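The opening position of the sequence shown corresponds to residue 104 in the numbering used here, with each subsequent residue numbered one higher.
We put the CB at the ideal spot given by N, CA and C, even for glycine.
From a predicted model like this one, the values you see are computed outputs, not experimental measurements.
Some notes on the structure that comes next.
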Amino acid sequence: MLRTEKDPECSLNVYLDELPGLSDTDVSTTVTSDKPVVCERAVYFDYYGKSGGHDSSGYVKNRIAIPETTKVIDGDSAKHIEEISADLRTIVEGRTGESRQLSSS
């Protein structure tokens, strides 16, 4: 078991294959904290001379609820926003000058 304490907004890398007895075996992890924490599982490998890898974020027990009134704008439109109304219901696109109502769906 590895126990550690970190200051807020600091990161910690744990190279499991460098810990005694873990260099050539399967491993699972559990992270516990009394404060919010972000975890990532990154795996890097060399398979017959070809390097590769993948990563994934950890399980989030209490997901953040997104309110029904949240507005979603596609990336292309977001790049061209010139103005947003005070009530956050209308946007004006700079490339076209058109205004458009935002819906909550």
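Residue pairing for E143: DSSP places it in a beta bridge opposite S160.
The shortest C-alpha to C-alpha distance from R192 to any of Q204, E185, F148, G200 is the one to Q204. Per DSSP, S202 is one residue of the beta strand (DSSP E) stretching across 202-204. For S154, the CB contacts under 8 angstroms within the same chain, skipping 5 residues up- and downstream, are Y147, F148 in chain order.
Between the beta-carbon of V130 and that of L119 there is about 5 angstroms, and that keeps the pair under the 8 angstroms contact cut. Taken atom to atom, the span from the alpha-carbon of S126 to that of K109 is near 25 angstroms.
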